[in-house]
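Numbering (my numbering), first residue to last: 5 to 111.
Just so it is clear, CB atoms sit at the ideal spot from N, CA and C, and this is done for glycine as well.
All figures in this text were calculated on a predicted structure; none of them were measured in a lab.
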Amino acid sequence: MAATRAPKPAVAPLRERGSYQASKEDLLTRFRRLNGQIAGIARMVEEERYCPEVLTQLSAAMAALQKIGYILLRDHIGHCVQEGISAGEGEAYLNELIATIERFSGR
């Protein structure tokens, strides 16, 4: 006799895909730009550029990553969390959101 699987909750598909479809092209553009920026920083190190110049560029790259993260968080809240709340799974989604923000902020 085959074991039956419990039906997935209505919000499960949201956890299987990103909620950032509307921002996808913007995110990919930002990642491509960031890849170029990182390559440029590596070249600066190879060329033994002055430390403050390298650190300034590194700071800019870190800020770019943070911006990408904030876009993803906004999309997650606006779609996944909102849908989870609408489906009656608000507490689970809010707990997941808090844990996600804590990881993202390095805490």
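Using a Cβ-Cβ cutoff of less than 7 Å, which residues in the same chain neighbour residue i once the five nearest sequence positions on both sides are dropped?
i	result
A10	Low confidence applies here, because A10 scores a pLDDT of 48, under 50, leaving its location unreliable and the question unanswered by this model.
I89	Y97
Rounded to whole angstroms, what's the CA-CA distance from residue i to residue j? Just pull it up for me.
i	j	result
Q70	I105	12 Å
A91	T60	45 Å
G22	A46	31 Å
N99	S63	31 Å
A103	E51	41 Å
A68	E95	31 Å
If you reduce the DSSP assignment to three classes, tell me which class residue i lands in.
i	result
A91	coil
R36	helix
Y24	coil
Y74	helix
S63	helix
I105	helix
Quick check on residue i: buried or exposed, where buried means 16 or more other Cβ atoms within 10 Å of its Cβ?
i	result
C55	exposed
V49	exposed
G110	exposed
G40	exposed
Y74	exposed
One question on the structure: do residue i and residue j come within less than 8 Å of each other, judged by their Cβ atoms?
i	j	result
L31	A65	no
I81	L101	yes
Between residue i and the rest of its own chain, which residues show a CB-CB distance below 6 Å, the 5 nearest in sequence each way excluded?
i	result
F108	G73
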